[in-house]
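J.:
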C-alpha cells in the first residue's frame, strides 16, 4: 500500500504482524488550536476489518511515561474524541470484546489535532478469546450447583480479589489449592473443613486451563460516548490501596493498608505525595493479627489504614483495621494524631475497625467488624462512645466475647495461623455463621440516624444518635455490604452474595430489589460498594467480578454499564468531586494482578466530552478500504 503525503497533512499507515491494515490514516493537522484545559485533541472512529463501526469500543491514550491513561468510548457510529494535556511519545489503544487490542504510537505536542481511524482484528482462537474475558466469565466453569457451597465460595472467596482472573484461575494441583485456601483462611475466609475440601475440589476441576466457552453480551448506552476515564498508576505492586477519599482541595487520598501510607494525588499537576503514618515502630507486622499468615506475603501493614472521611475543619480520620487506633491527619499542616480504642476485658474491643462516616455535627461513626460494635468519636472532646450491637445467637456471642483472646494467644506464634485451630468456626463447625461483621455504615441525611450493615448476619440496623437504641432488620438478600443514603433518605444496599441492588425506605420499612445485569448465563456479580450522586440521584455500583462499573438511574429504572479500560478491577468506595466525577481506587489484592501491574486512582467523568463529529470524517470512513 502507498501512503501519500502532501503539503497540508501527514498520513501514516500501521500494519499488524499479519500484514493487515490495523490503523489506517493518522492525519495530523499543523494548525494551532487553543484549548482552555487541554493541549491536544484526538478524534476518529473504531471499525472492524469489514468496515463495520464498533459502538462502545474503549479508546485509551497512555502518556509517554505510562503512568497515566485517559479513555473514552465510541458512540453508535464508532466515533470518539479525546482532549488531553499528554505530550511526547504516547500510545493510543483501541479495545473491544472479541477483538484484538490495537496499540498505535502517536507523538503529540501542545498544538496537535489528530484524526485517527482504528481498525480492530477479530480474535481467532478459543484460547485467545478466553484469555481476554473477565473473571466473571471464568467462574462459570465452577460447578456451583450446591447452594451451600455456592454461598461459601461467593461470600468467602471474593473478599479482596476477583475469583477467576488471570492469577486466581491458574491451574494447580489439589495440594496447591489447599495451601492457597489455607492462606486465605488466615486472613479471614471463615469456612468449615468440609467447605475447604469442597472448594478445593471444585477449583481443581473448574480451573483446568482450558478455554471458557461463554458468549458475553455488553449493553451499549448512548451515555458511554459522553464519558471519559482518567487513571493514575500509583504505589507499588505490593500495595493494598484500599479506599480513596476526595479532599476538600480536590486532591485524592489513597489509603494503602499494606504499607501504612496515604498517597495524595493532585489531579491538576498529577503530582503524587506520600504521607507515612507514624507510630508503627512499636507494633508488630499485622498488628492485632500478628499470628495470621497474611495473604500472599505482601500484607505488611502495622496500623492497616482502611477507610477515611474528612470533616469540616480539614482533619481526615482513618480507621486502622490492624492496630485498634483511630488516625487523624490534617492535609494542610501534615499533623498526625493517634487515638487508641479502649480494648476492654479479654481484648474484645477495637478488632478490625472498618468503614467510617461523619454526621452533621462533624463527629465520626465507624463499624468495628471483629468486635460487633459501632463506635462514635466526638472530634471536639476527643472521646469514644461504644455501641455494642446485638449478638443474635450463642455462637455469635462467643465470637464477640472471645475473638480478641484467640488473636492474642495466636500472636505468640507469628504467622502460624493458630487462630484458625482455636476458633469455633472450625472446632464447632460453625463456619461464617458465627460472625455478625458490621461492615458498611451511613448517616440519614435528615434525621441523623446511624445505619449499619451486618455482612455475615444479613441484617441492617438503626442506631438512634440520641438514645443509642438499636433496631435491626433482615435483608431479603444476603451479604449487605457498603450502603449509602440518597438525598431523600432512601437507603441503597448492595447484596454482595447475590448480586442484587436493594432499596430500603426507613419510613415504611419496605424493601425493593433490583437484579444487577450479568454478561452471560451462570455468571455472578459481587457488588462491594455503591454511592449516590447528590445532584443526579444516580447510584454508582462497583461490579467487581466483571471489570465494570454500573450506574443505576432510579427515575428511569435502568442501568448503564461502563466497562473499564483495565482488566482486573476491584473497586471499594466511590466518592464524587465537586465537578461531578466519580473517583475510586483499584485495589485488587494482590495489586500486581491488575493488568497494568499497579494500583491506580480512577476518575470517571460522565460528561467528560461532547460529541462534535466533523463532516470530513464521513468521507474518510467511506474510503477506508481504498
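Residue numbers (the UniProt record's numbering): 1 to 626. Using N, Cα and C, we set each Cβ at its ideal position, and we do this for glycine too. Quick caveat, the model's predicted, so the values are computed rather than measured.
Looking only at its chain, what residues have a beta carbon closer than 7 Å to the beta carbon of residue 535, apart from the 5 residues adjacent to it on each side?
T.: Closer than 7 Å at the Cβ level, and outside the excluded window around residue 535, lies no residue.
J.: Evaluate residue 125 with the Cβ neighbour count: other Cβ atoms within 10 Å of its Cβ, from every protein chain shown; 16 or more gives buried, anything less gives exposed.
T.: Exposed, since its Cβ has fewer than 16 Cβ neighbours within 10 Å.
J.: Is residue 419 helix, strand or coil when you go by DSSP?
T.: Three-state DSSP puts residue 419 in a helix.
J.: Assuming the contact rule is C-beta atoms closer than 8 Å, residue 54 and residue 73 should be a hit. Round their C-beta distance to whole Å, please.
T.: Rounded, the Cβ-Cβ distance is 10 Å, inconsistent with contact.
J.: Should residue 540 go down as buried or exposed, given a rule of 16 or more other Cβ atoms within 10 Å for buried?
T.: Residue 540 should be labelled buried.
J.: If distances are taken between C-alpha atoms only, which option among 210, 182 and 259 comes closest to residue 200?
T.: Selected option, being the one with the closest Cα: 182.
J.: Apply the 10 Å Cβ neighbour rule to residue 354 and answer buried if 16 or more other Cβ atoms are within range, or exposed otherwise.
T.: Classification for residue 354: buried.
J.: Going along the chain, which residues of its own chain have a beta-carbon closer than 6 Å to the beta-carbon of residue 31, five neighbours each way excluded?
T.: Confidence is the limiting factor: at residue 31 the pLDDT is only 32, short of 50, which leaves the residue's position unreliable and the question unanswerable from this model.
J.: Can you check DSSP and say which residues form a bridge with residue 436?
T.: None, per the DSSP bridge assignment.
J.: Answer yes or no: do residue 554 and residue 580 have a C-beta to C-beta separation smaller than 8 Å?
T.: No.
J.: Relative to the C-alpha of residue 77, which residue among 86, 45, 61 and 71 is closest?
T.: Comparing Cα-Cα distances from residue 77 to each of 86, 45, 61 and 71, the minimum goes to 45.
J.: In the DSSP output, what is residue 252 paired with across the bridge?
T.: Residue 252 pairs with 246 and 265.
J.: Determine the burial state of residue 474: buried for a count of at least 16 other Cβ atoms within 10 Å of its Cβ, exposed for fewer.
T.: Answer is exposed; the Cβ neighbour count stays below 16.
J.: So what does DSSP say about residue 472, is it helix, strand or coil?
T.: Of the three classes helix, strand and coil, the one that applies to residue 472 here is strand, per DSSP.
J.: Quick check: the Cα distance between residue 252 and residue 146, rounded to an integer number of angstroms?
T.: Using only the alpha carbons, I get a separation of about 43 Å.
J.: Assign residue 62 to buried or exposed, taking buried as 16 or more other Cβ atoms, counted over all protein chains shown, within 10 Å of its Cβ.
T.: So residue 62 ends up on the buried side.
J.: Whose CA, out of 519, 314 and 291, lies closest to the CA of residue 140?
T.: Checked all of 519, 314 and 291; the closest Cα to residue 140 is 519.
J.: In angstroms with no decimal places, state the Cα-to-Cα distance between residue 306 and residue 432.
T.: The alpha-carbon atoms of residue 306 and residue 432 are separated by roughly 22 Å.
J.: Where do the N-terminal and C-terminal ends of the alpha helix (DSSP H) with residue 148 fall, by residue?
T.: 147 to 156 is the extent of the alpha helix (DSSP H) around residue 148.
J.: Rounding to the nearest angstrom, what Cα-Cα distance links residue 84 and residue 599 in this structure?
T.: Residue 84 and residue 599: Cα-Cα distance of roughly 22 Å.
J.: Between the beta-carbon of residue 243 and the beta-carbon of residue 572, is there less than 8 Å?
T.: Cβ atoms of residue 243 and residue 572: closer than 8 Å.
J.: Looking at the unbroken beta strand (DSSP E) that takes in residue 424, where does it start and where does it end?
T.: Per DSSP, residue 424 belongs to no beta strand (DSSP E); it is in the alpha helix (DSSP H), 424 to 427.
J.: Quick one: Cα of residue 86 to Cα of residue 64, how far?
T.: Rounded to the nearest angstrom, the two C-alpha atoms are 8 Å apart.
J.: Exposed or buried, what is residue 407 when buried is set at 16 or more other beta-carbons lying within 10 Å of its beta-carbon?
T.: With 16 or more Cβ atoms within 10 Å of its Cβ, residue 407 is classed as buried.
J.: Give the C-beta separation of residue 88 and residue 110 to the nearest angstrom, bearing in mind that I take them to be a contact with Cβ-Cβ under 8 Å.
T.: With a Cβ gap of about 11 Å, residue 88 and residue 110 do not count as contacting.
J.: Within 10 angstroms of its Cβ, does residue 380 collect 16 or more other Cβ (buried), or is it exposed?
T.: Flag for residue 380 reads exposed.
J.: Between which two residues does the alpha helix (DSSP H) holding residue 129 run?
T.: Where residue 129 is concerned, the enclosing alpha helix (DSSP H) stretches over 126 to 132.
J.: Between residue 649 and residue 594, what straight-line distance do the alpha-carbon atoms span, to the nearest angstrom?
T.: Any answer about residue 649 is impossible in this case: the structure gives the chain only from 1 up to 626.
J.: Once you ignore the five residues that flank residue 464 on each side, which residues in its own chain have a CB closer than 7 Å to its CB?
T.: Answer for residue 464: 449, listed in chain order.
J.: Please give me, in chain order, every unbroken run of the beta strand (DSSP E) with length at least 3 that falls completely inside the region 312 to 369.
T.: Complete beta strand (DSSP E) runs here, min 3: 316 to 320, 325 to 330, 335 to 340, 353 to 358 and 364 to 368.
J.: Just to confirm my understanding: we take residue 33, look at its own chain, exclude 5 residues before and 5 after, and list those with CB closer than 8 Å. What are they?
T.: With a pLDDT of 33 at residue 33, under the threshold of 50, the predicted position of this residue should be treated as unreliable, though the coordinate-derived value follows. Cβ neighbours of residue 33 beyond the five flanking positions: 41, 111 and 113.
J.: Starting from the Cα of residue 414, find the closest Cα among 255, 560, 492 and 300 and give me that residue.
T.: Among 255, 560, 492 and 300, the Cα nearest to that of residue 414 is on 300.
J.: Need the endpoints of the beta strand (DSSP E) that residue 95 sits in, please.
T.: Its beta strand (DSSP E) spans residues 88 to 95.
J.: Look at the alpha carbon of residue 476 and the alpha carbon of residue 505, and state the distance between them as a whole number of angstroms.
T.: Rounded to whole angstroms, residue 476 to residue 505 spans 13 Å at the Cα level.
J.: Rank 137, 101 and 105 by C-alpha distance to the C-alpha of residue 123 and give the top, closest one.
T.: Nearest option by C-alpha distance: 101.
J.: Would you call the region 581 to 590 and the region 216 to 225 touching, i.e. three or more CB-CB distances under 8 Å?
T.: Touching, no.
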